[in-house]
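J.: FYI, in the UniProt record's numbering the residues of the sequence shown are 1 to 304.
From the three backbone atoms N, C-alpha and C, an ideal C-beta is built for every residue, glycine too.
Just dropping this structure here.
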Amino acid sequence: MTEEEIGKINRKLQKMIDKSEVDDTIARDLLNRLQESRITLSILQKTGIGKTVNNLRRVIANEDLSTVAKSLLKNWKKLVPESSSTPISKDEKQTTPTNSNNNSQQPQETNTNTNKTIETSKSVERQNSQSTSSSVTASHTYDEVRLKSRELMAAAFSISELPGGSADPVELAARVEDAIFKELRDTGVKYRNRIRSRISNLKDLKNPNLRINVLLGIITPERLAVLTAEEMASDALKEERTKLHESAINEHQLAMDEGTGTDLIQCNRCKQNNCAYTEAQTRSADEPMTLFVFCKNCGHRWKM
């Protein structure tokens with residue numbers, strides 16, 4: 001997107017702010033266009049879009065829009081060097097003190113060295129956080145359903161504090177949605193169910209590892225787009241499902257063997273004493289064996 005186009009978006013947003021009439025749909029579309037654009041420090045300085053988005057963030061009531069605005073500001077702030085004298089907004093510029101020519105040289109040298117150290121540290125952090133997303137970008141869209149899906153997923157990624165070195169939640173959400181749409185080719189029932197399941201699992205506070213792994217690049221957005229419910233589940237739930245599955249198989253196999261016939265056990269369904277039983281150690285060694293019973297008369301099965 002060109003500097004002129006960014007300027008037009010800036011004027012539209014500023015107009016809504018001035019009138020105190022923010023249309024959520026229009027604002028969302030404009031913010032998404034900014035999010036999908038490659039904006040340089042020069043464009044930020046010339047258009048003043050950073051200050052406008054910051055002002056918009058302060059007046060909007062929609063939490064999802066506020067999340068998108070905060071994400072944009074966070075990314076743009078990374079473009080401004082700590083030692084730069086031209087920040088994104090005038091508000092930030094006013095916080096920088098001006099020293100006289102006679103006594104400013106020594107403090108400036110100290111600040112420069114400190115700023116270099118801070119900038120080096122932040123540069124490494126930015127490289128870590130962007131390494132997983134720099135090679136793949138989501139396609140641009142104006143589809144309202146797709147934009148809403150991206151917005152809700154970005155909010156799910158931002159449901160709690162972001163870990164250090166995490167990627168941009170808005171960008172990750174766009175890539176997940178884009179991968180799902182490219183696979184399913186429409187925004188029908190399958191698409192909506194797939195989106196809904198991703199959001200539900202990302203927001204699950206009992207399964208924080210899924211969200212963190214995607215934010216840190218351990219799981220790519222494209223991989224998250226195709227994970228099954230079982231694969232997205234928490235480690236505890238996976239372990240519980242495995243135990244239940246093994247138990248069901250074990251009981252089924254044991255029940256298939258009619259075992260030893262006996263007339264000492266009465267069927268609690270047909271009340272006949274025509275049963276067969278099988279004993280098996282299904283619990284720990286110090287626990288009594290489990291008795292699997294099969295009624296030859298009515299086919300009822302149970303365990304004792």
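So, is glutamate 21 buried or exposed, given that buried needs 16 or more other C-beta atoms within 10 angstroms?
T.: Flag for glutamate 21 reads exposed.
J.: Quick check: alanine 154 and alanine 138, are their CB atoms within less than 8 Å of each other?
T.: Not closer than 8 Å, so no.
J.: Whole angstroms are fine: how far does the CA of serine 197 sit from the CA of isoleucine 6?
T.: Rounded to whole angstroms, isoleucine 6 to serine 197 spans 35 Å at the Cα level.
J.: Give me whichever residues DSSP pairs with lysine 148 in a beta bridge.
T.: Answer by DSSP bridge pairing: none, since lysine 148 is not bridged.
J.: Taking only three categories from DSSP, how would you classify alanine 280?
T.: Looking at alanine 280 - three-state DSSP - the assignment turns out to be strand.
J.: Counting along the chain, where does the alpha helix (DSSP H) carrying lysine 303 start and finish?
T.: Segment 301-303 is the beta strand (DSSP E) holding lysine 303; no alpha helix (DSSP H) there.
J.: Give the single residue among Met232, Ser66 and Lys70 whose Cα lies nearest to the Cα of asparagine 213.
T.: Per the Cα distances, Met232.
J.: Quick one: grab the DSSP three-state call for aspartate 164.
T.: The residue you asked about is not aspartate; residue 164 is glycine in the sequence shown. It is coil, neither helix nor strand.
J.: Taking the beta strand (DSSP E) that valine 214 belongs to, which residues open and close that run?
T.: Note, valine 214: premise wrong, no beta strand (DSSP E); alpha helix (DSSP H) at 208-215.
J.: Please classify lysine 15 as buried or exposed, where buried requires at least 16 other C-beta atoms within 10 Å of its C-beta.
T.: Classification of lysine 15: exposed, given that the 10 Å Cβ count is below 16.
J.: Only counting the same chain, and skipping five residues up and downstream in sequence, which positions put a Cβ closer than 7 Å to that of isoleucine 199?
T.: Closer than 7 Å at the Cβ level, and outside the excluded window around isoleucine 199, lie Leu152, Met153 and Ala156.
J.: Where does threonine 67 fall in DSSP's three states?
T.: Three-state result, threonine 67: helix.
J.: Rounded C-beta distance between threonine 52 and glutamate 3? I'm assuming under 8 Å.
T.: That belief does not hold up - the Cβ atoms of threonine 52 and glutamate 3 are roughly 14 Å apart, past 8 Å.
J.: For cysteine 298 and chain C, any beta-carbon pair shorter than 8 Å?
T.: Absence of chain C from the displayed structure is noted, only one protein chain being present.
J.: With a threshold of 8 Å on Cβ separation, who are the neighbours of arginine 301 within its own chain once the five nearest residues in sequence on each side are excluded?
T.: Result list for arginine 301: Ala255, Phe292, Val293, Phe294 and Cys295, in chain order.
J.: Classify valine 189 as helix, strand or coil using the three-state DSSP reduction.
T.: DSSP places valine 189 in helix when its eight states are reduced to three.
J.: Taking Cβ to Cβ, would you say leucine 30 is nearer than 8 Å to leucine 44?
T.: Not in contact: leucine 30 and leucine 44 (Cβ atoms no closer than 8 Å).
J.: Among all the DSSP beta bridges, which residues are the ones paired with threonine 141?
T.: Threonine 141 pairs with nothing; no bridge assigned.
J.: Spatial neighbours of valine 170 within its chain, please: CB distance less than 7 Å, with the 5 preceding and 5 following residues excluded, ordered by chain position.
T.: For valine 170, where only same-chain residues beyond five positions count, the Cβ hits under 7 Å are Gln35, Val68, Ser71 and Ala154.
J.: Apart from the five residues on each side of it in sequence, which residues of its chain come closer than 6 Å, Cβ to Cβ, to isoleucine 49?
T.: Once the five neighbours on either side are set aside, the close Cβ partners of isoleucine 49 are Ile6 and Asn10.
J.: Which word fits serine 149, buried or exposed, when buried means at least 16 other C-beta atoms lie within 10 angstroms of its C-beta?
T.: The residue is buried, with at least 16 neighbouring Cβ atoms inside 10 Å.
J.: Is the beta carbon of leucine 215 sitting closer than 8 Å to the one on alanine 167?
T.: Taking 8 Å as the Cβ cut-off, leucine 215 and alanine 167 qualify as a contacting pair.
J.: Pull up the distance between the alpha-carbon of glutamate 222 and that of glutamate 177, whole angstroms please.
T.: Those two C-alpha atoms are separated by around 9 Å.
J.: List the endpoints of the continuous alpha helix (DSSP H) containing glycine 261.
T.: Segment 260-262 is the beta strand (DSSP E) holding glycine 261; no alpha helix (DSSP H) there.
J.: Hey, out of Cys298, Gly165, Leu224 and Gly259, whose CA is closest to arginine 269's CA?
T.: Nearest C-alpha to arginine 269: Cys298.
J.: For the beta strand (DSSP E) that contains leucine 205, what are its first and last residues?
T.: Taken as a continuous stretch (DSSP letters only), leucine 205 belongs to no beta strand (DSSP E), as it is neither H nor E.
J.: Quick check: the Cα distance between threonine 220 and threonine 260, rounded to an integer number of angstroms?
T.: So the two alpha carbons sit approximately 55 Å from each other.
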